[in-house]
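**Student:** Residue numbers (our numbering): 7 to 303. No residue lacks a Cβ here, since even glycine has one placed at the ideal position from N, Cα and C. I am attaching a structure below and will ask some questions about it afterwards.
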Amino acid sequence: MTITIDDAVRLLLGGEVVALPTETVYGLAALATDEAAIAKVFALKGRPADNPLIVHVASLDQLALVAIVPATAERLVSDLVESYWPGPLTLVLPATERVPLAARARLPTVAVRMPDHPLTRLVIERAGPVVAPSANPSGRPSPVSAAQIACALPVPILDGGPCRVGFESTIVTVDPPRLLRPGSVTLEELREFAPFTLGDDVIAPGMKHRHYSPRTKLVAFAHDADLRAALAPGIAVITFGADYPAPTIAATPESLFTVLHDIDSQSWDAVYVLLPPATGIWRAIRNRLEKAAHSLR
Ligand code: TXA
Ligand code: MG
């Protein structure tokens, strides 16, 4: 069922869960201060309790309600916020007591971002900060259109059209500066602000779980020659431009999740993909493919 902005505000204030559009992927939103609604988000997604949620704000006043900017990182946070908000950069900061422990998987920190979608900004301005994990059942590809949610979860949806970026936000800590999840704000760009290092996956607790997977067997290859040698009838190749002597499925960074949704209706025995290099935004695409693949060769 699709809903209006007014409906979304009313449902959130009434303790319900709604799907909201963002520039990255659709989120499954609940009021960030409503423990019962947050429990519904975990239940609907089948999300492990040790995987914390991102809080979405519409203003710096709302940021101050949920997070504390450490004095040691004031300059870096203000530079990042000024450069990227609203937009696809999530900051992990010490949490205020207003953020229920369940939302942050009992961590002392909270992940926060200001999404860049006009409809959702209006909803959050009126309803208050919301938690919003990607609006997919846990483990499945993130939705980048309302239709992809409608066939997977029984929730009211504010349809904001297709998502512009198409994959989830970059997540960083600021003290020390570390990249926890790559996104369209790249490591190279972030290093112009501070000496960001690569955090290992365990720091973003959610990254250890399997993610983004289609039902069709997805095999990711590190080397093109190995992929070509393994081609056989019944196998298709997701390609970001290269040609293969096999059926190919053209993808771009923006369309990757749509491709991962669509291949399940195409009855391939398996789908192969060559991992792109870990540079620029391709680092994010490589990361999502590594998490989505049923095997890595
Ligand atoms: O683009 C996005 O970020 C989308 C849209 C809806 O905003 N949201 C999203 O949420 O991708 P989700 O729940 O699918 O991913 C949240 C990630 C998880 O990997 C989680 O472990 C990490 O954020 N995270 C949340 N709180 C954290 C914290 N306090 N410390 C470290 N990582 C955290
Ligand atoms: Mg997700």
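Where DSSP assigns a beta bridge to Ala-25, which residues make up the other side?
**Tutor:** In DSSP, Ala-25 forms a bridge with Leu-34, Ile-163.
**Student:** Go ahead and pull the three-state DSSP assignment for Leu-19.
**Tutor:** Reduced to three states, the DSSP call for Leu-19 is helix.
**Student:** Less than 7 Å separating the Cβ of Glu-174 from some heavy atom of the ligand TXA?
**Tutor:** Yes; taking the cut-off as 7 Å, the Cβ of Glu-174 has a heavy atom of the ligand TXA nearer than that.
**Student:** Are the Cβ atoms of Val-72 and Val-136 separated by less than 8 Å?
**Tutor:** Contact flag unset, no.
**Student:** Are Glu-131 and Ala-64 touching if we call contact CB-CB under 8 Å?
**Tutor:** Closer than 8 Å, so yes.
**Student:** Select from Leu-280, Val-191, Leu-196 the residue whose C-alpha is nearest the C-alpha of Ala-231.
**Tutor:** Closest by alpha carbon: Leu-280.
**Student:** How about Gly-205 and Leu-185: are their beta carbons less than 8 Å apart?
**Tutor:** The answer is yes: Cβ separation under 8 Å.
**Student:** Taking buried to mean at least 16 other C-beta atoms within 10 Å of its own C-beta, is Met-120 buried or exposed?
**Tutor:** Classification of Met-120: buried, given that the 10 Å Cβ count is 16 or more.
**Student:** For Ala-109, I'd like the list of residues in its chain whose CB is within less than 6 Å of its CB, leaving aside the five on either flank, ordered along the chain.
**Tutor:** Excluding residues within five positions, the ones whose Cβ falls inside 6 Å are Ile-44, Leu-59, Val-137.
**Student:** Do Tyr-32 and Ile-155 come within 8 Å of each other at the CB atom, strictly closer than that value?
**Tutor:** Result yes, Cβ atoms of Ile-155 and Tyr-32 sit closer than 8 Å.
**Student:** Note down the Cα distance separating Ser-54 from Phe-48, rounded to an integer number of angstroms.
**Tutor:** Per the sequence shown, the amino acid found at residue 54 is Pro instead of Ser. If I take the Cα positions, the gap works out to 7 Å.
**Student:** Across which residues does DSSP place Arg-187 in a beta bridge pair?
**Tutor:** The partner list for Arg-187 (beta bridge, DSSP) reads Ile-177.
**Student:** For His-300, which of Leu-196, Arg-146, Ser-175, Leu-86 has the nearest alpha-carbon?
**Tutor:** Ranking the options by Cα distance to His-300, first place goes to Arg-146.
**Student:** By a C-beta neighbour count over all protein chains shown, 10 Å radius and 16 as the cutoff for buried, is Pro-149 buried or exposed?
**Tutor:** Under this definition Pro-149 is a buried residue.
**Student:** Taking just the CA atoms, how far does Thr-28 sit from Thr-258?
**Tutor:** Using only the alpha carbons, I get a separation of about 19 Å.
**Student:** Is the beta carbon of Asp-181 less than 8 Å from the beta carbon of Pro-220?
**Tutor:** No; because the gap between Cβ atoms is not below 8 Å, this pair is not in contact.
**Student:** Does DSSP classify Ala-148 as helix, strand or coil?
**Tutor:** The residue you asked about is not Ala; residue 148 is Ser in the sequence shown. The answer is coil: DSSP assigns Ser-148 none of H, G, I, E or B.
**Student:** Go through its chain and collect everything with a Cβ distance to Pro-251's Cβ below 6 Å, but skip five positions before and after it.
**Tutor:** Excluding sequence neighbours, Pro-251 sits near nothing in its chain.
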